[in-house]
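See below for the structure under consideration.
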Amino acid sequence: MNVDRRARLKATGIRIFTRMLHRYFALTRGMTLGVRGACFDEQGRIFLVRHTYVPGWYLPGGGVEYYETAEEALEKELREEGNLVMTERPKLFHAYFNRSASKRDHVLLYRVNVIQTTPKIPDREIRESGFFSLDALPEDAAASTRSRVAELRGVHDPVNLW
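Residue numbers for the sequence shown follow the numbering used here, so the first one is 492 and each next one is one higher.
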């Protein structure tokens, strides 16, 4: 089996698994809620991650559990995905409807200043991470990442769809 076919099969499996996971959440929860952080260091660079299970670069974040506030979930995800610590309280930038994930998924995007305690070592979830200048994002940054950065820069107003 060639490498391209293997990669396509893996991507298809990941999409199916993600849909099944969202269907499970839809049955067990009325709505899913996620948080993402637009994390800036002292030089004004933004922190992005590359996951092992989807292509492209993304803002760090994840789901909010029953027992967590959105800010607690954000703090946990930033620590887990980048060894990031918030230097001040995060500011809610915008709330989005993520209809590509499910018919009831919402994402809260926070703007936050951070420091990185130690470089993030690649693991099962995060393949690579780093800080990038807003005008020099990685070539394969996800479309949603590029849209959020344009909104944060004031190029256009935030849209309501992730």
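The beta carbon of each residue, even a glycine, is placed where N, CA and C say it ideally should be.
Treat the numbers as computed from the prediction; the structure is a model and nothing was measured.
Which of helix, strand or coil DSSP assigns to Thr-523:
Annotated three-state conformation of Thr-523 is strand, per DSSP.
Per DSSP, the bridge partner or partners of Ser-620:
Bridge partners of Ser-620: Val-540.
Alpha carbon to alpha carbon, what distance is there between Leu-512 and Met-522?
13 Å
Residues near Arg-618 in its chain [Cβ-Cβ closer than 7 Å; skip 5 each side]:
Arg-541, His-542 and Thr-543
Close-in-space but distant-in-sequence residues of the same chain around Gly-553 (CB under 6 Å, 5 per side omitted):
Residues of the same chain with a CB within less than 6 Å of the CB of Gly-553, apart from the 5 flanking positions on each side, are Glu-568 in chain order.
If the criterion is Cβ atoms closer than 8 Å, does the pair Thr-578 and Val-545 meet it?
no
Return the residue from the list Pro-613, Ala-633, Asn-651 and His-597 that minimises the CA-CA distance to Gly-525.
For Gly-525, the closest of Pro-613, Ala-633, Asn-651 and His-597 by C-alpha to C-alpha distance is His-597.
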